[in-house]
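Last residue of the sequence shown: number 487 in this note's numbering, and the count goes up by one each step with no gaps. Before any comments, here is the structure.
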Amino acid sequence: MDYTASLYATGAEIGLSIAGLILLLVSAWTGTRYARLVTILAAAALFGAMIFSGHLMAESTAELTGDAFGGLFRADAFAGFAKILIYAATIACLVVTPKFFDARRQYRSEYPVLMLFGAVGMGMMVSAVDLLTLYIGLELSSLASYVLASFARDDMRSSEAGLKYFILGALASGILLYGMSLVYGFAGSTNYLAIRIAFADGFGTGAMFGVVFVLAGLAFKVSAVPFHMWTPDVYEGAPTPVTAFFASAPKVAAVVVLARMALDPFAGQIASWQQIVIFAALASIVVGALGAIGQNSLKRVLAYSSINNVGFILIGLAAASAAGASAMLVYLAIYVPMTIGSFAALLMLRDEDGNALETFDDIAGLVTRRPAIAWSLLLLMFSLAGIPPLFGFWGKFVVFQAAVEADMIALAAIGIAASVIGAFYYLKFVKVMFFDDRTERGIATSPAGHWAVLILAAVIVSPLGYLLTQPLGAWADRAATSLFIPV
1 MDYTASLYAT GAEIGLSIAG LILLLVSAWT GTRYARLVTI LAAAALFGAM IFSGHLMAES
61 TAELTGDAFG GLFRADAFAG FAKILIYAAT IACLVVTPKF FDARRQYRSE YPVLMLFGAV
121 GMGMMVSAVD LLTLYIGLEL SSLASYVLAS FARDDMRSSE AGLKYFILGA LASGILLYGM
181 SLVYGFAGST NYLAIRIAFA DGFGTGAMFG VVFVLAGLAF KVSAVPFHMW TPDVYEGAPT
241 PVTAFFASAP KVAAVVVLAR MALDPFAGQI ASWQQIVIFA ALASIVVGAL GAIGQNSLKR
301 VLAYSSINNV GFILIGLAAA SAAGASAMLV YLAIYVPMTI GSFAALLMLR DEDGNALETF
361 DDIAGLVTRR PAIAWSLLLL MFSLAGIPPL FGFWGKFVVF QAAVEADMIA LAAIGIAASV
421 IGAFYYLKFV KVMFFDDRTE RGIATSPAGH WAVLILAAVI VSPLGYLLTQ PLGAWADRAA
481 TSLFIPV
């Protein structure tokens, strides 16, 4: 085993871990006095890890797959693409956080440290090629997330969200761990390559149960139906910056883990898991679209939007091809700015007393009070709906194209029809903001960090985003191809 190469492949995780430990000591010594400085340093560490992951991705080849520590970890292009999205999303969420908690006098330097360790766990998850590495990364990320969900300690909804997330997350982790134990028992190894070889001739009944439990545990993490029930309550109750984080970075990590699991250790038996993924995709699209229609809470609508978007992402996975994996990555790359931008806009919707505007009634006539926020939200909602010529349309297009190329025409057709239904609740935002009579509640001025995130997201999802299609498509193809390189 080449330890130098292993340390190099895990450089991003090691660097973030060291930064997290140092910042944890700083926060313990200084309390809340230097919380802003800790946040800036955490963002800088994440930016460095993002650059390093991009460097590893550019170096990755068929001969240089980035395997580390005897096949426990792989820093290939597929993992590199995911890490860039995860770290970028975490940085954006850190930028919009301080002002939210400052208004409540609750911002503590432990917050960015928790997000940093959560990012370390997610980096381990997407690079894991062994069940043990995957579970350690998953639990590291989950434990940080449970604390973040209940970080607003004087808010009963936040405490409730944290408790629900912890109980249901622990249940899902138990299901996943039980599935892993069955897979290990029947394959005789926790290594992905050994599992793929062991199951090359098919799954026995016991092994199939293990696969189902593993997929069920991961489906909870991505908020796929029927394991989505926690999402609306947790997204609504958690502090809004935390909700933005949950809807972006952990979502990317969980989807990429699910894809690697399906297309690596279970690659020899695609037909066995493909039907499960197709059902989850269609159910998520339909439930996400219909569930959002009757909601009045803006955060619950975006929670159902997240469920709906997971369905479209899973269509790419269901194609079980390099083109499908590439389409899935492209969709994720567009989904992240759409989602974070939407939550940044919600963070900016506060009255002059600092109270959040959380319902459709609160944003009636928003265009006459804060036109820049209203127009930015219009771009984001239309892009989430997949309406051309906005960038979100391209994400849906490549996913449906991959499904058609895989002869899943019926799946693509149902997805297109469901996306039309789902456009209704996105259009509701526009109708309320632009055509309803304005309310009398004033809106407070927003900090520069919120504006920066919102404007950047709006520009990316606008037609200007199509300038990124060539490089984004090329990097997604490179990442997806690395997943299919035989080891």
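Cβ coordinates follow ideal geometry from the N, Cα and C atoms, glycine included. Computed from a prediction, not measured in an experiment: that's the story for all the values here.
Beta-carbon proximity list for residue i, same chain, < 8 Å, skipping 5 on both sides
i	result
A345	I373, S376, L377, L380, L454
G204	F186
S158	A149, S150, F151, A152, G237, A238, P239
R438	A364, G365, L366, T368, R369
V214	L176, G179, M180, V183, M261
S189	I195, A198
When the options are compared against residue i, the one with the closest alpha-carbon
i	options	result
L472	S109, E59, A82	A82
H228	A149, R157, N309, Q470	N309
M433	L357, T469, I40	L357
M180	V211, R153, D154	V211
D351	L290, F100, Y135	F100
S136	S306, R153, G118, A200	It should be noted that the sequence gives Ile, not Ser, for residue 136. Comparing Cα-Cα distances from I136 to each of S306, R153, G118, A200, the minimum goes to G118.
V225	V286, D264, P265, F213	V286
W394	Q470, S53, A49, I14	Q470
G169	A219, F199, M156	A219
Y466	A410, P388, V430, G449	P388
I414	K428, L72, I197, K396	K396
A89	A417, F429, S342	S342
M408	D361, S446, F360, I278	I278
F429	S141, I22, V459, D361	D361
S297	K431, A303, T359	T359
Y184	A172, F199, S173, L171	F199
L134	S173, Y87, T30	S173
S27	E110, A42, N191, Y87	E110
S321	L302, A249, F245, V398	V398
A323	A247, N191, A474	A474
Y192	I14, A128, A417	A128
S248	L41, A417, I91, G11	I91
N355	P371, I443, Q295	I443
F73	Y34, I14, K299, V301	I14
G392	A418, I416, I334	I334
A45	R300, S17, M156	S17
V96	L24, S145, A43	A43
Other residues of its chain near residue i: CB distance less than 6 Å, five sequence neighbours each side excluded
i	result
F426	This sequence places Tyr at residue 426; Phe is not what is there. Result list for Y426: M381, L384, A385, in chain order.
S6	A68, F69
Y319	The residue asked about is misnamed: residue 319 is Ala in this sequence, not Tyr. Result list for A319: A402, A403, A406, in chain order.
F78	A479, S482, L483
G422	A289, N308
M348	I373, S446, H450
L138	M125
L140	G121
Proximal residues to residue i (C-beta, below 7 Å), its chain only, five neighbours per side dropped
i	result
L332	L85, V252, V255, I313
S326	A476, D477, A480
L329	F81, A476, A479, A480
E63	Confidence is the limiting factor: at E63 the pLDDT is only 48, short of 50, which leaves the residue's position unreliable, though a coordinate-based value still follows. None.
G206	L182, F186
M208	S272
V147	L114
K164	W230, D233, V234
D436	A364, G365
A281	G311, L314, I315, A318
V222	K251, A254, V255, L258, V310
G54	G80, I84
L468	none
R36	P98
V126	A79, A82, K83, A253, V256, V257
R196	D264, P265, A267, G268
According to DSSP, residues forming a beta bridge with residue i
i	result
T359	S297
A68	F73
R350	A356
N191	D130
Whole-number beta carbon distance between residue j and residue i, since they are thought to touch under 8 Å
i	j	result
L143	A19	Not a contact, Cβ separation roughly 18 Å.
S305	A292	6 Å
A457	I363	Going by Cβ atoms, the distance from A457 to I363 rounds to 18 Å, so no, they are not a contact pair.
V524	L390	Since the first residue of the chain shown is 1 and the last is 487, residue 524 is not available in this structure.
L94	P112	6 Å
P98	T39	6 Å
A216	I175	6 Å
Y87	M50	4 Å
R108	T32	5 Å
Any chain B beta carbon closer than 9 Å to residue i
i	result
L37	Reference to chain B is not applicable here, since this structure consists of a single protein chain.
Quick one: which unbroken alpha helix (DSSP H) runs of 4-plus residues sit fully inside the segment 106-182? Chain order, please. Here the runs fully enclosed are 110-127, 131-149.
Start-end ranges of the alpha helix (DSSP H) lying completely within the segment 239-283, minimum 4 residues: Listed in chain order, the complete alpha helix (DSSP H) runs (minimum 4 residues) inside the segment 239-283 are 240-246, 249-263.
Quick one: complete beta strand (DSSP E) runs, 3+ long, within the segment 202-235? Counting whole runs of 3 or more residues, the segment 202-235 contains no beta strand (DSSP E) stretch at all.
Uninterrupted alpha helix (DSSP H) stretches inside the segment 358-392 (no shorter than 4 residues): You should have 366-369, 371-385.
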